[in-house]
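In my numbering, the protein residues as written are 668 to 1087.
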Amino acid sequence: MFESRYRSHHDSGRALKDILEPYIESKRLTKKDFEEVMDSYPKNDKRVLYVHTPYCDKLCTFCNLNRKLLQNGMEQYTNYIVSEFERIGKTEYIKSKPFDALYFGGGTPTTYSESEMDKLLNSLTKNLKYSEDYEFTFETTLHNLTDEKLKIMQNYGVNRLSIGIQTFSDRGRKLLNRTYDQKEILKRLNHLRDIFDGHMCIDIIYAYPDQTEEEVINDAKLTCEVMADSASFYSLMIQPGSALASMIENGKFKFERTNEWEINLHNKFLENINNNYEILELSKIRRKNRDRYRYITLRYDNADTFPVGIGAGGNVANMGVFNMSPEMQFYSYTDEISKKYNKILGHMQYAKYDLKYFENEISEYSMDLLEKRLKEYVKNDYAFEDENKYVLTNEGLFWGNNIAVDLLGLIIKNEFEFNK
Ligand SMILES: C[S@@+](CC[C@H](N)C(=O)[O-])C[C@H]1O[C@@H](n2cnc3c(N)ncnc32)[C@H](O)[C@@H]1O
Ligand code: SF4
């Protein structure tokens, strides 16, 4: 049904933006507008904090995220983030309410030294509050996560690790330029299970060059064996500017993949996950009753995301905020229409179309169109009916972001063109 695939929520988010473009007004806002929001903010919304660390001590071949190779230590950046916590800690917005989820992402936020990490987290807890039921995540990679750093993180309340594993295959790890072989990662993950009380979540990438069925099956089995609390499984995106993209452009190796090859690896991964796991969203499985994934679920529900650090973006009240550098931020207006449909796109990530949910969001005529199209997906084996819900099959999960964009296109066109 589809030719090219939207591989992630970012891809479908961009497609949604294009669909909405004719119907919304885009506006640049200023630092003054932002400061006004920070000084007079309604106190009842859910909120999450995102802190970006744009450094890694080693670069992976597939990655073009907002990160640089660490050259001169992290002292200067630590001091900058500490000064940001102190500055924002004085505002009404920050003082008025605790954060429900905190997320240190990157790059790799465990590249700080132990003393820098202590300084950073000490300043965080002095200047910002967390709610009672908070979730506090650190992204990390095993080779720079020492026991001492973990102890410091736990002392300041970190209760969730998002660990980039990518693959357990030694061949795959070399290709992706990851540190350690399978034996060493298993040893370290098992050790972490023993000393860390929080949730241990991992990232897996599939459909990398020449990946075999055996490799993906092994990744699924070992994910269960180390009892990961959740695992994201993204198919490799060849990112412009990444080392892998250059290797392919320069003809160092050939990489021509077909949808059939990719779907097969995707399905093999899911088929080899044991019964202790369930689908959490399009590209994520969770050990039952474990990872709560509050940072993302709150964001899907339109919670504010307060961004700190260079390269961090978020949204505060009706403003989009992006920190380009310490001196330069961009502010934009987020209209109610975009909020509404982004929230629906967020809901669609859960891989279940619950008609009751949509009845409250869209018109009756759009409901008819939605149901008709969902029935077509059932006919094509992308979904099955379960009472009032349409649940995606493994094929449906693979094409899940395309299905979401297709359905949103249908709904939005109908709501704006026919209901005028
Ligand atoms: C910031 S990184 C995770 C933490 C840490 N930096 C690490 O790699 O160990 C975010 C995750 O995005 C995924 N990712 C990044 N680039 C990707 C790509 N080109 N294709 C698929 N997934 C990608 C990886 O699974 C990666 O773990
Ligand atoms: S995947 Fe993680 S460790 Fe690798 S370069 Fe990207 S951010 Fe750094």
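For glycine and all other residues, C-beta sits at the position ideal for the given N, C-alpha and C.
Source: prediction; values computed, not measured.
With contacts defined as CB atoms closer than 8 Å, Glu703 and Asp1002 fail to qualify as a contacting pair. DSSP places Gln821 in the helix class (H, G or I) of the three-state scheme. For Leu1074 and Val715, the gap between their C-alpha atoms comes out near 29 Å.
Rounded to whole angstroms, the separation of the alpha carbons of Glu1031 and Phe729 is 45 Å. A distance below 8 Å separates the beta carbons of Gly831 and Asp870. Counting only runs of at least 3 residues, the segment 680–766 fully encloses the following beta strand (DSSP E) elements, listed from N- to C-terminal order: 714–720. In the three-state DSSP reduction, Glu1054 falls in the coil class, being neither helix nor strand.
Counting along the chain, the unbroken alpha helix (DSSP H) around Asp886 starts and ends at Glu880 to Glu892. Taking 8 Å as the upper bound for CB-CB distance, Gly981 and Thr972 are in contact here, some 4 Å apart. In this structure, ligand 2 has no non-hydrogen atom nearer than 7 Å to the beta-carbon of Leu842.
In the three-state reduction of the DSSP assignment, Ala912 falls in the helix class.
In this chain, the beta strand (DSSP E) harbouring Phe900 covers Ser897 to Ser902. Annotation: Leu696 to Thr964 spans about 27 Å, alpha carbon to alpha carbon.
Around ligand 2, the residues selected by a Cβ distance under 6 Å to any of its heavy atoms are Cys723, Leu726, Cys727, Cys730, Leu732, Arg734, Gly773, Gly774, Thr775, Thr808 and Gly831, following chain order. Contact between the segment 803–811 and the segment 764–784 is present: three or more C-beta pairs spanning the two stretches fall below 8 Å.
A distance criterion of 7 Å places the beta-carbon of Gln738 beyond contact range of ligand 1, judged by its closest non-hydrogen atom. Contact between the segment 830–850 and the segment 791–804 is absent: fewer than three C-beta pairs spanning the two stretches fall below 8 Å.
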